[in-house]
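*Asks:* Shown below is the structure under consideration.
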Amino acid sequence: MRMAELSRESGVPVPTIKYYLREGILPPGERTSPNQARYDQSHVRRLKLVKAMLDVGGLSIADVHRMVAAIEQRTPTHDLLGITQQGLPRPEGGDDSRLAAARRRAEAVIEERAWKVEPDCPAATALAGVLATFAELGQPESGPWLSRLAEAADIVAEADLDSLSGVADTEAIIERALVGTVLGDTLFAVLRRLAQQNVSAARFGGR
Numbered sequence: 553m554r555m556a557e558l559s560r561e562s563g564v565p566v567p568t569i570k571y572y573l574r575e576g577i578l579p580p581g582e583r584t585s586p587n588q589a590r591y592d593q594s595h596v597r598r599l600k601l602v603k604a605m606l607d608v609g610g611l612s613i614a615d616v617h618r619m620v621a622a623i624e625q626r627t628p629t630h631d632l633l634g635i636t637q638q639g640l641p642r643p644e645g646g647d648d649s650r651l652a653a654a655r656r657r658a659e660a661v662i663e664e665r666a667w668k669v670e671p672d673c674p675a676a677t678a679l680a681g682v683l684a685t686f687a688e689l690g691q692p693e694s695g696p697w698l699s700r701l702a703e704a705a706d707i708v709a710e711a712d713l714d715s716l717s718g719v720a721d722t723e724a725i726i727e728r729a730l731v732g733t734v735l736g737d738t739l740f741a742v743l744r745r746l747a748q749q750n751v752s753a754a755r756f757g758g759r
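Residue numbering for the sequence shown is 553 to 759, as defined by this note's numbering.
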């Protein structure tokens with residue numbers, strides 16, 4: 553297909569496609585003349601993936617460059633997921649005076665679940681920030697409550713990774729991990745609220 557058709561099918565404007573070509577985010581098409589090229593469905597797929605990275609994932613162009621480089625280098629799945637997570641926005645916060653205690657609590661949760669993660673990885677840092685915010689608001693999390701949430705997170709993570717079972721294509725892995733994590737966060741929050749309503753009705757009665 554020509555660039556105009558590529559633009560229509562992908563939903564990405566022609567000037568943006570040209571920018572992606574210059575930046576190496578989109579691989580070049582097959583040259584048919586000095587100033588013309590043909591593109592195929594692989595280009596459509598890459599453009600849709602980049603669109604998802606920017607619009608759904610909220611990634612920066614620099615993050616997109618890293619993701620595309622990982623795709624081209626056929627990076628192993630575990631490392632691909634790590635690159636995807638690092639690019640996603642994460643919760644921040646926490647008063648510095650409370651952050652040290654929160655970090656220790658976060659490390660304790662990681663150790664309790666025997667999670668194979670680095671204690672200073674972005675997600676662990678974000679966990680410490682959230683726990684510090686709990687403390688700032690005078691609502692320290694209780695041990696059993698946090699432990700049960702961490703246990704539930706293990707179940708959700710298993711479901712997340714099960715969705716990648718049998719997927720070998722690097723672009724498909726990134727797309728599923730990216731969209732699945734961003735939209736999955738929202739999906740799980742909604743399911744949690746529905747479950748809270750159900751448990752509340754069972755325990756306390758009322759409508």
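Just so it is clear, CB atoms sit at the ideal spot from N, CA and C, and this is done for glycine as well. For clarity, every value in this text was computed on a predicted model and none was experimentally measured.
1. Taking the continuous alpha helix (DSSP H) assigned at GLN748, which residues delimit it?
2. Apart from the five residues on each side of it in sequence, which residues of its chain come closer than 7 Å, Cβ to Cβ, to LYS600?
3. Helix, strand or coil for ALA702, going by three-state DSSP, please let me know.
4. Return helix, strand or coil for GLU670, following the three-state DSSP convention.
5. Buried or exposed for GLY690, going by 16 or more other Cβ atoms inside 10 Å?
6. Sort out for me which residues DSSP pairs GLU561 with in a bridge.
7. Which value, in whole angstroms, describes the spacing of the CA atoms of LEU632 and PRO696?
8. Could you pull out every residue in the same chain whose Cβ sits closer than 7 Å to the Cβ of LEU578, ignoring the five residues on either side in sequence?
9. Note the first and the last residue of the continuous alpha helix (DSSP H) segment covering SER594.
10. In whole angstroms, what is the alpha-carbon distance linking HIS617 and THR584?
11. Could you have a look at THR584 and say whether DSSP puts it in helix, strand or coil?
12. In terms of DSSP beta bridges, what is ARG656 paired with?
13. For ARG590, which beta-bridge partners are listed by DSSP?
14. What number of angstroms, rounded off, separates the C-alpha of ASP672 from the C-alpha of GLU703?
15. Here's the rule I'm using: 16 or more other beta-carbon atoms within 10 Å means buried, otherwise exposed. How should LEU739 be labelled?
16. Could you tell me whether the Cβ atoms of GLU727 and ALA604 are closer together than 9 Å?
17. Taking all protein chains shown into account, do 16 or more other C-beta atoms lie within 10 angstroms of the C-beta of LEU713, making it buried, or fewer, making it exposed?
18. How many whole angstroms separate the CB atoms of VAL719 and ILE725, which I take to be in contact at a CB cut-off of 8 Å?
19. Note down, in chain order, each residue of its chain lying with its Cβ closer than 8 Å to the Cβ of VAL669, except the 5 sequence neighbours on either side.
*Replies:* The relevant details are as follows:
1. To locate residue 748, count along the sequence shown from 1; it is residue 196. GLN748 -> alpha helix (DSSP H) spans 722-756.
2. In the sequence shown, residue 600 corresponds to position 48, counting from 1. SER562.
3. What you label residue 702 is simply residue 150 of the sequence shown in a count that begins at 1. If DSSP states are grouped into helix, strand and coil, ALA702 belongs with the helices.
4. What you label residue 670 is simply residue 118 of the sequence shown in a count that begins at 1. Three-state DSSP puts GLU670 in coil, outside helix and strand.
5. By 1-based counting over the sequence shown, the position of residue 690 is 138. Taking all protein chains shown into account, GLY690 has fewer than 16 neighbouring C-beta atoms within 10 Å of its C-beta and is therefore exposed.
6. Your numbering for residue 561 matches position 9 in the sequence shown. BP columns for GLU561 are empty, so no partner.
7. Looking up residue 632 in the sequence shown gives position 80. Looking up residue 696 in the sequence shown gives position 144. Those two C-alpha atoms are separated by around 33 Å.
8. Numbered from 1 along the sequence shown, position 26 holds the residue referred to as residue 578. Leaving aside the five residues that flank LEU578 on each side, the residues in its chain whose CB is nearer than 7 Å to its CB run, in chain order, ILE569, TYR572, HIS595, ARG598, LEU599.
9. On the sequence shown, residue 594 is found 42 positions in, with the first residue counted as 1. Segment 593-603, the alpha helix (DSSP H) holding SER594.
10. Here residue 617 corresponds to residue number 65 of the sequence shown, with the count starting at 1. Here residue 584 corresponds to residue number 32 of the sequence shown, with the count starting at 1. So the alpha carbons of these two residues sit roughly 27 Å apart.
11. Numbered from 1 along the sequence shown, position 32 holds the residue referred to as residue 584. Reduced to three states, the DSSP call for THR584 is strand.
12. Here residue 656 refers to the residue found at position 104 when the sequence shown is read from its first residue. ARG656 is not bridged to any residue.
13. Numbered from its first residue, the sequence shown carries residue 590 at position 38. Partner(s): GLU582.
14. Translated into positions along the sequence shown, residue 672 becomes position 120. Translated into positions along the sequence shown, residue 703 becomes position 151. The alpha-carbon atoms of ASP672 and GLU703 are separated by roughly 21 Å.
15. For this step, residue 739 is matched to residue 187 along the sequence shown. LEU739 is exposed by the Cβ-count criterion.
16. Taking the first residue of the sequence shown as position 1, residue 727 is located at position 175. Taking the first residue of the sequence shown as position 1, residue 604 is located at position 52. Their beta carbons are under 9 Å apart, which means GLU727 touches ALA604 by this criterion.
17. Counting from one through the sequence shown, the residue named residue 713 turns up at place 161. Label assigned to LEU713: exposed.
18. Indexing the sequence shown from 1 puts residue 719 at position 167. Indexing the sequence shown from 1 puts residue 725 at position 173. Rounded, the Cβ-Cβ distance is 5 Å, consistent with contact.
19. Locating residue 669 in the sequence shown gives position 117, where the first residue counts as 1. So the list reads ILE662, ALA675, ALA676, once near-sequence residues are dropped.
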